[in-house]
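Encoded as C-alpha cells, the structure appears first; notes follow it.
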Amino acid sequence: MPQYAAIIYASDVDPTRPEAADMMKDYNEFHDGAQAVIRGGAALYPTATATTVRVTGGKGGDIVTSDGPYAETKEALTGFYLLECADLDEAVKRAAQIPGAWDGAIEVRPVVDFGK
Amino acid sequence: MTSAGDAVARLVRDEGTRVLATLVRVTGSVDLAEDAVQDAVVRALETWPRDGVPANPRGWLLVAARRRAVDVVRREAKRLGKEADAMPAIDPHPDPVSVRDDLLRLVFTCCHPALSLDAQVALALRTLGGLSTAEVARGLLVPEATMAKRLTRAKQKIAQARIPYRVPSSSELPSRLSGVAATVYLIFNEGYTGRESLQAEAIRLARLLASLMPDEPTALGLLALVLLQDARRPARFVAGAPVLLADQDRSAWDFELIKEGVELVGAGLRRTPTTPNPYVVQAAIAACHDLSPSYADTNWNAVISWYDVLLSIQDTAVVRLNRAAAVAERDGPSAALALVDGLPDLADYPWWHASRAELLHRLGSGAAFEALERAVETGLPDAHAAQLRARMESENPERNARGFGESG
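And the structure:
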C-alpha cells in the first residue's frame, strides 16, 4: 500500500508550550480518528531552531549550512505524518482532517518505495 | 485499397480511445497504456488492410495492446533485476457498459483536482481527444517542448501519487463534475477560434458526460451550451474571417443541434427549478439567440433577464460585460457604456476594451480608436481586431488618415 507524507505548514508554534494545549487537543482527536492509516510522524520545534543544509557542487561538495528554514513564508513547516492510504484521494481526505489544514496547508507527497 | 485503408484508419481511431481507457485501468499508467495502444494501432494498420478487419476489432486491439504492455513491464523489471508484477487479465469481449465506465474513469482521471487545470486540459486533449502532443501544443498556444514537459509531469504525478482511476462516489460527484465540465468547456473554447477538431472532441466529451450522468444539470447544461454554440458554426466564418452574430446567415445554422440543445436546456431547468445551474443559464442565453429569426428580432428582455439570473449565481465582471452588450441593443450604447465603464479590474481583458471601442464607435466618439488599440495591445485575436477596425474605418472614413492600423 502506498505511503504519503502529509507535511504540515501552519502558524509557527511550539507544541511543547502550555499555550498549545488547545491545538494539541485537535491533533489528539485526529490521531484517534486516523490511527488506522498513521505510520509515523512528528511535531517539529519552531522554525527558529531550523538549519538549512546545502551541498554546493553536488555529491561530495562543500557543505553550506545556514540559519533558518528552507523557505520562509507566513506559514512554516510544523510537522508531518506518514500515512498509508490506498490512493491519493484517500490521502487528501485524511490530510484535510489534520488541524494544520484548517488555517495553514498540508502538502501531500507520495513516499518512494525502494523495496519494489 | 486506399478507401479500405481509410476505413481501417477511421475504425482504429474510433476504437483507440476506448481501448486506451480500458488499458489505463488495467496497467494503472497513462504512459504505458499510450505506448501499448500506439503499438497495437500500428500493427492493426499494417495487417487489417491486408488480412481484413477482425470480427471483434476492439478485442483484437485490446489483446495486442495488453501483450505489448506485458512485454514492456517484463523488460523493465528485468532491467531493474526485479520480478514483474502480475498484470490483471483483460476481457477481449468487454460489454459496452464497462467500456463506457472506463472512458468516464479516464475523463475523471485526466480532470483530477490534484492536477493543474493546464495539465487537465492538456491530458484530456491528448488521451481523450486523441490529439498528438504537437497538436495539443498548437491548440493551447504553448511551445511543443513546454507541452511535452507538462504532459510528462501530469502522467508522472498520476502514477507516483497514485491518482486513482475511478469515477468519484456520488457525494464527490458535484465538486468533481464542475472541474470536468470546466475542462471540457475550455477545450471547446480553445477550438472556438477556428480549430474545429478541438470543438468536435469537446462535444464528444460533453455527450459522454451527459449520457452517463443524465440527471446532473451541469452535464446537461454543458452539452446544451456547446451544441447551441456549435449550431452557429456554419455561419461563423466566411472565407476564414469571423462573422458577427448580427451579420450571420441564420439559414446556415444547424437546426437539429438547436432543437437538441433547447430540449437539454428544458431538461436542465426542470432538474434545478429554484437555483438554475450556470451552464444551463448560459445555454438558455445561447438558445435565445439561436431561436430568433433575425438579430433585430432578438428578445433582448429575455436575454438580459437570463443574464440577471446568471449574475445571481455567478457574479463576475465578465458576465456583467456580456450583459452590457445586450443592454446596448435594448437601451442604446450610452446606457451600456455606463455599465461597462463601471466594471473594475478588466484593464487587461481585451474584450473589455473591444466592447468599449464598439460602444464609443456607436456613439460617434473618436476615443473608440484608442480603445481598440488597447484591445489589440492586451491580446484581442487578430481576426477580431481587423474586423472591428475595418468596420469602424468604413463607417468613419474621416478617421482613416490617423494611420490606425499599425498597432495590430
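Top to bottom, those sequences are chains A and B.
If you use my numbering, the first sequence corresponds to residues 2 to 117, in order.
If you use my numbering, the second sequence corresponds to residues -18 to 389, in order.
Think of the CB as a built atom: it goes at the ideal place given N, C-alpha and C, for glycine as much as any other residue.
Which one of the options has the shortest CA to CA distance from residue i?
i: Gly80 of chain A; options: A:Asp114, A:Asp88, A:Pro100 and A:Pro3; result: A:Pro100
i: Pro70 of chain A; options: A:Gln36, A:Ala11, A:Val113 and A:Val54; result: A:Val54
i: Val18 of chain B; options: B:Leu341, B:Pro331 and B:Ala50; result: B:Ala50
i: Ala265 of chain B; options: B:Leu209, B:Ala317, B:Ala105 and B:Thr253; result: B:Leu209
i: Leu292 of chain B; options: B:Pro257, B:Val243 and B:Arg311; result: B:Pro257
i: Thr50 of chain A; options: A:Met24, A:Lys75, A:Val14 and A:Gly62; result: A:Val14
i: Asp271 of chain B; options: B:Glu237, B:Gly(-3) and B:Leu302; result: B:Glu237
i: Glu153 of chain B; options: A:Val93, A:Asp104, A:Asn29 and A:Pro16; result: A:Val93
i: Ala364 of chain B; options: B:Ala335, B:Gly347, B:Ser346 and B:Leu340; result: B:Ala335
i: Leu109 of chain B; options: B:Thr255, B:Ala181 and B:Gly33; result: B:Ala181
i: Val(-7) of chain B; options: B:Leu61, B:Val262, B:Ala45 and B:Gly242; result: B:Ala45
i: Leu318 of chain B; options: B:Asp289, B:Ala349, B:Tyr330 and B:Ile294; result: B:Ala349
i: Cys86 of chain A; options: A:Asp63, A:Gly41 and A:Ile64; result: A:Gly41
i: Glu15 of chain B; options: B:Lys59, B:Leu104 and B:Arg301; result: B:Leu104
i: Glu354 of chain B; options: B:Gly345, B:Ala212, B:Arg343 and B:Asp329; result: B:Asp329
i: Asp104 of chain A; options: A:Pro19, A:Met24 and A:Glu20; result: A:Met24
Tell me which residues share the same chain as residue i and place their Cβ nearer than 7 Å to its Cβ, disregarding the 5 neighbours each side in the sequence.
i: Ala96 of chain A; result: Ala7, Ala102, Ile107 and Val109
i: Ala43 of chain A; result: Gly80 and Phe81
i: Thr3 of chain B; result: Leu43, Ile71, Pro75, Val80 and Asp83
i: Gly(-4) of chain B; result: A small correction: the amino acid at residue -4 of chain B is Glu; Gly does not occupy that position in the sequence shown. The answer, listed in chain order, is Pro38, Arg39 and Leu42.
i: Asp99 of chain B; result: Arg131
i: Ala248 of chain B; result: Leu201
i: Leu122 of chain B; result: none
i: Ala222 of chain B; result: Ala364 and Gln368
Looking at the structure shown, is residue i part of a helix, part of a strand, or coil, going by DSSP?
i: Gln101 of chain B; result: helix
i: Ala95 of chain B; result: coil
i: Ser67 of chain A; result: strand
i: Ile144 of chain B; result: coil
i: Thr255 of chain B; result: coil
i: Gln295 of chain B; result: coil
i: Gln4 of chain A; result: strand
i: Gly34 of chain A; result: helix
i: Arg40 of chain A; result: strand
i: Thr3 of chain B; result: helix
i: Tyr56 of chain A; result: Here the sequence assigns Val to residue 56 of chain A, which means Tyr is not the residue at that position. Strand, per DSSP.
i: Leu83 of chain A; result: strand
i: Leu154 of chain B; result: helix
i: Glu76 of chain A; result: coil
i: Ile9 of chain A; result: strand
i: Pro19 of chain A; result: helix
i: Ala181 of chain B; result: helix
i: Ala51 of chain A; result: coil
i: Val165 of chain B; result: helix
i: Val321 of chain B; result: helix
i: Pro124 of chain B; result: coil
Is it buried or exposed, residue i, if we count other Cβ atoms within 10 angstroms and call 16 or more buried?
i: Asp296 of chain B; result: exposed
i: Ile9 of chain A; result: buried
i: Arg251 of chain B; result: exposed
i: Ala356 of chain B; result: buried
i: Val219 of chain B; result: exposed
i: Gly386 of chain B; result: At Gly386 of chain B, the pLDDT of 37 sits below 50, so the modelled position is not reliable; the number obtained from the coordinates is stated separately. So Gly386 of chain B ends up on the exposed side.
i: Pro69 of chain B; result: exposed
i: Thr17 of chain A; result: exposed
i: Pro259 of chain B; result: buried
i: Ala37 of chain A; result: exposed
i: Gly172 of chain B; result: buried
i: Pro314 of chain B; result: buried
i: Gly360 of chain B; result: exposed
i: Gly384 of chain B; result: Below a pLDDT of 50, predicted positions are generally treated as unreliable, and Gly384 of chain B, at 38, falls in that range; the measurement from the model is reported next regardless. Exposed, since its Cβ has fewer than 16 Cβ neighbours within 10 Å.
i: Val102 of chain B; result: buried
i: Leu61 of chain B; result: exposed
i: Pro124 of chain B; result: exposed
i: Ile294 of chain B; result: exposed
Go through its chain and collect everything with a Cβ distance to residue i's Cβ below 8 Å, but skip five positions before and after it.
i: Ala112 of chain A; result: Reading the sequence as shown, one finds Val at residue 112 of chain A and not Ala. Closer than 8 Å at Cβ, skipping near neighbours: Pro3, Gln4, Tyr5, Ala6 and Leu83.
i: Ala216 of chain B; result: Val224, Gln229, Asp230, Arg231, Ala233 and Trp234
i: Arg(-1) of chain B; result: Arg39, Val80, Asp83 and Leu84
i: Ala77 of chain A; result: Tyr10, Ala11, Ser12, Asp13, Pro47, Thr48 and Pro70
i: Asp20 of chain B; result: Ala45, Ala46 and Arg49
Within a Cβ cutoff of 6 Å, which residues of the same chain sit near residue i, ignoring the five residues on either side of it in sequence?
i: Ser10 of chain B; result: Ala140
i: His93 of chain B; result: Ile144
i: Asp12 of chain B; result: Lys136
i: Ala187 of chain B; result: Val165, Leu203, Leu204 and Val207
i: Ser67 of chain A; result: Thr53
i: Arg304 of chain B; result: Tyr288
i: Arg301 of chain B; result: Leu324
At a CB-CB cut-off below 9 Å, which residues of chain E make contact with residue i?
i: Gln368 of chain B; result: Protein chains A and B are contained in the structure displayed, whereas chain E is not.
Going residue by residue through the region 5 to 92 of chain B, where are the continuous beta strand (DSSP E) segments of at least 3 residues, counting only ones entirely within it?
none
Could you give the uninterrupted runs of the alpha helix (DSSP H) lying entirely in the region 190 to 255 of chain B, keeping only those of 4 residues or more?
198 to 211, 214 to 217 and 236 to 252
Report the residue ranges of all alpha helix (DSSP H) runs contained in full by the region 330 to 377 of chain B; include only those spanning at least 4 residues, in chain order.
331 to 343, 348 to 358 and 363 to 376
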